[in-house]
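Residue numbers (the working numbering), protein chains in the order written: chain P, 70 to 386; chain R, 26 to 390. This report concerns only the one structure given below.
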């Protein structure tokens, strides 16, 4: 049995520059077929070549089932992915995997959205959904300068619920003011560069556990295990397989070596694709997806990076 | 955890997302009368306006709660059978026979419906959320190049059991040996499963083999030759599953292209213990030939009926064993994934409920 994420060959139907160094691409099926469904916060992989895969949030209208819209920042250190995407032209073919969603919009009486730079992309459909449902929300959107901030025109129609913070005009986002008054009825959704996410996490320490939802496209810094990684035994319950995971291999490596077809994509703990259900074992979580509450619950783990502290890890796989 | 962790509690479990389009009726069931249905535990009354449009109201007069379906449809007004109060398609009370004025705000709940012949879809979730999605596109059902027939079947089992059954092909040779394509009965080729945020699809390719009786009969293809076959299917939403079977002639002029048959099944939870199945069989070959439709109807009716009996027996065990007591095997992966998609939808709908007693450090007023 082969188990994988859906992959589609799509074409760039539209390419537009939406800010300095940011292009928006609208991808569609050449034959006009409907694309898979998705919900706010979802992202897709662009499979650029055998070794290069990059994740981009879907930022187009929710009702549009004919295309996927993404926005890509040309980053000097983007690992080649963003450079590659920037040379795509209208009519270029691209391979897309997904969509998937580990940043889902949970219903709540009120939302605070915080976006930094290109992190605005997953927030756009969230705002569309909240606004359509009549749920109160605010967006604080920071960027280096006005010209580098994408979708300001699109956001203008929301009036003063959107506060834009070009750094060269107003400095950094005023997080103590935005988050200084924890509300039990409010969920906070934040996407942006690591320093912003880290600052928001610190600022949300006084909020209820589970109130903050973040998404990262680069791995969260992880402290290495004291004394280095240790080996453990892996039991795949559904398949009836037992195998050893040596210190220099991941659970995902060992699962694949045993011939099991499992989902995986980024292999650095950011995309959430390889999530597996844990039956037993003391998990050493090293991903950038699960929340503190998820970790405490211990029901799921990302097998591309996370390990086991106890001698035996049993997965429902 | 078992995919049916919830099954043990299915008697009361509302384990279906509300924010989803479900089929409420086949087009030909809805006319100039009042059709009563229960969908997701919600009684609704469905009827057709003079314009041909379909309307749906909560099946309860907001005055003294007699079901509207016990009343009458007069022009475009639903007239309650108790005091003769009349209501429009938007639910507004238009007339109270015993007085001149209509009480302020008197109205029945109305629901969004969308007719995509031959099916009528309903939205019971947040009314505004319906504008963010459309019922799944099923173009073959209305395409004149395809021949389609269908039926409605009630199954006394939770809708998840129907999805699980549809996503699991390994039961087929055991439950339906007489209808199994020949390669099913030897070693079936590996299944390829592909998932997205909201869908689970699968396909497999069978090496060339003889057609079994019913396949030969309903395609007109000879039984002394080998044909490759492809089978595919998709969990589209909590309300829809699609199966496709393709017989691939080797191109020696019998007919251009493959023989495609699509089984479209809308699963609509009546409540936690019962499901309406709106099934449609479409084919792109021998169209317009009634006897072929009848033969296919017999085959599908028989397999769906066998599954119905089996699932009702399973539902009969609901609540008699602790949750999580079933075990899973590798072939359950597609069903487990669909279950997860539904769980995520339910979690998003349940919304943010901070644990009581865990107030934020500096709670605001």
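Idealized CB from N, CA, C, for every residue including glycine.
Member of R:217, R:149 and R:120 whose CA lies at the smallest distance from the CA of residue 42 (chain R): Comparing Cα positions, the closest option is R:149.
C-beta neighbour in chain R for residue 385 (chain P), strict 8 Å: For residue 385 (chain P), the answer is yes, since a Cβ of chain R falls inside 8 Å of its Cβ.
Cross-strand partners of residue 399 (chain P) (DSSP beta bridge): In this structure chain P extends from 70 to 386, so residue 399 (chain P) is not present and cannot be described.
N- and C-terminal bounds of the beta strand (DSSP E) containing residue 296 (chain R): For residue 296 (chain R), the enclosing beta strand (DSSP E) starts and ends at 284 to 296.
For residue 256 (chain P) and residue 175 (chain P), the rounded distance between their alpha carbons: Their Cα atoms are separated by approximately 8 Å.
Neighbourhood of residue 233 (chain P) by C-beta distance below 7 Å, restricted to the same chain and skipping five residues each side: Non-local beta-carbon contacts of residue 233 (chain P) in its own chain, meaning distances under 7 Å to residues more than five positions away in sequence, involve 210, 218 and 221 in chain order.
At least 3 beta-carbon pairs within less than 8 Å: the segment 156 to 167 of chain P vs the segment 75 to 95 of chain P: Verdict: yes, contact present.
Backbone secondary structure at residue 110 (chain R) - three-state DSSP: For residue 110 (chain R), the three-state secondary structure derived from DSSP is coil.
Run of the beta strand (DSSP E) containing residue 352 (chain R), from where it starts to where it stops: No beta strand (DSSP E) contains residue 352 (chain R), which DSSP labels as neither H nor E.
CA-to-CA distance, residue 240 (chain R) to residue 246 (chain R), given in whole angstroms: About 8 Å.
Bounding residues of the alpha helix (DSSP H) (the contiguous stretch that carries residue 195 (chain P)): Counting along the chain, the unbroken alpha helix (DSSP H) around residue 195 (chain P) starts and ends at 192 to 201.
Buried/exposed call for residue 87 (chain R), threshold 16 Cβ in 10 Å: Residue 87 (chain R) comes out buried.
Contact with chain P by residue 10 (chain R), beta-carbon distance below 8 Å: Because residue 10 (chain R) is not part of the residues shown, which for chain R are 26 to 390, the question remains open.
is_contact[residue 369 (chain P), chain R] using C-beta, thresh 8 Å: By the rule that beta-carbons nearer than 8 Å mark a contact, residue 369 (chain P) does not touch chain R.
Residues of the segment 246 to 268 of chain P with Cβ closer than 7 Å to any Cβ of chain R, in chain order: The residues in question are 250, 251, 252, 253 and 256.
Against chain A: residues of the segment 143 to 158 of chain R by CB proximity under 8 Å: No chain A appears in the structure shown, which is made up of the protein chains P and R.
Proximity test, residue 293 (chain R) beta-carbon vs the ligand SAM heavy atom, cut-off 7 Å: In the structure on display, the ligand SAM does not appear, and there are no ligands present to speak of.
Within-8 Å CB hit, residue 37 (chain R) to chain P: With a pLDDT of 43 at residue 37 (chain R), under the threshold of 50, the predicted position of this residue should be treated as unreliable, and no value is reported.
Assigned secondary structure, residue 70 (chain P) (DSSP; H/G/I helix, E/B strand, else coil): Here residue 70 (chain P) sits in coil by DSSP.
Minimum Cβ-Cβ distance from residue 105 (chain P) to chain R less than 8 Å: Closer than 8 Å to the CB of residue 105 (chain P) there is at least one CB belonging to chain R.
At least 3 beta-carbon pairs within less than 8 Å: the segment 297 to 311 of chain R vs the segment 220 to 227 of chain R: Contact between the segment 297 to 311 of chain R and the segment 220 to 227 of chain R is absent, because fewer than three Cβ pairs lie under 8 Å.
Cβ neighbour criterion (16 or more within 10 Å) applied to residue 155 (chain R): That one is buried.
Rounded separation between residue 125 (chain R) and residue 110 (chain R) - CA only: Cα to Cα, residue 125 (chain R) sits roughly 12 Å from residue 110 (chain R).
Pairwise C-alpha distance: residue 157 (chain R) and residue 82 (chain R): Rounded to the nearest whole angstrom, the C-alpha separation of residue 82 (chain R) and residue 157 (chain R) is 21 Å.
Span separating the alpha-carbon of residue 278 (chain R) from that of residue 284 (chain R): Only weak support is given to the placement of residue 278 (chain R): the predicted model assigns it a pLDDT of 46, under 50, and the question is left unresolved by the model.
Beta strand (DSSP E) runs wholly inside the segment 247 to 324 of chain P, at least 3 long, in chain order: Complete beta strand (DSSP E) runs here, min 3: 255 to 260, 281 to 284, 301 to 305 and 310 to 314.
Backbone CA spacing between residue 111 (chain P) and residue 102 (chain P) [nearest angstrom]: As the crow flies, the alpha-carbon of residue 111 (chain P) is around 20 Å from that of residue 102 (chain P).
Within 9 Å of chain P by C-beta, residues of the segment 251 to 264 of chain R in sequence order: Residues of the segment 251 to 264 of chain R with a Cβ closer than 9 Å to any Cβ of chain P, in chain order: 261 and 262.
Classification of residue 129 (chain R) by the beta-carbon crowding that lies within 10 angstroms, buried from 16 upward: By the beta-carbon neighbour count (other beta carbons within 10 angstroms, threshold 16), residue 129 (chain R) is exposed.
For residue 137 (chain R), three-class secondary structure by DSSP: Of the three classes helix, strand and coil, the one that applies to residue 137 (chain R) here is strand, per DSSP.
Coil, strand or helix - residue 167 (chain P) by DSSP: In the structure shown, residue 167 (chain P) falls within a strand segment according to DSSP collapsed to helix, strand and coil.
Beta-carbon proximity check, residue 187 (chain P) vs residue 92 (chain P), cutoff 8 Å: With contacts defined as CB atoms closer than 8 Å, residue 187 (chain P) and residue 92 (chain P) fail to qualify as a contacting pair.
Those runs of the beta strand (DSSP E) which lie wholly inside the segment 131 to 195 of chain R and span at least 3 residues: The qualifying runs are 135 to 141, 144 to 148 and 172 to 180.
Cβ neighbours of residue 260 (chain R) in the same chain (closer than 7 Å, five flanking residues each side left out): The beta carbon of residue 260 (chain R) sits closer than 7 Å to those of 188, 192, 224, 225, 266 and 363, all from its chain and outside the five residues before and after it, given in chain order.
Integer-rounded CB distance, given that residue 139 (chain P) should sit under 8 Å from residue 125 (chain P): At roughly 4 Å, the Cβ-Cβ gap stays under 8 Å, so residue 125 (chain P) and residue 139 (chain P) are in contact.
Residue from R:90, R:89, R:139 and R:131 with nearest C-alpha to residue 77 (chain R): Between residue 77 (chain R) and the set R:90, R:89, R:139 and R:131, the nearest pair of CA atoms involves R:139.
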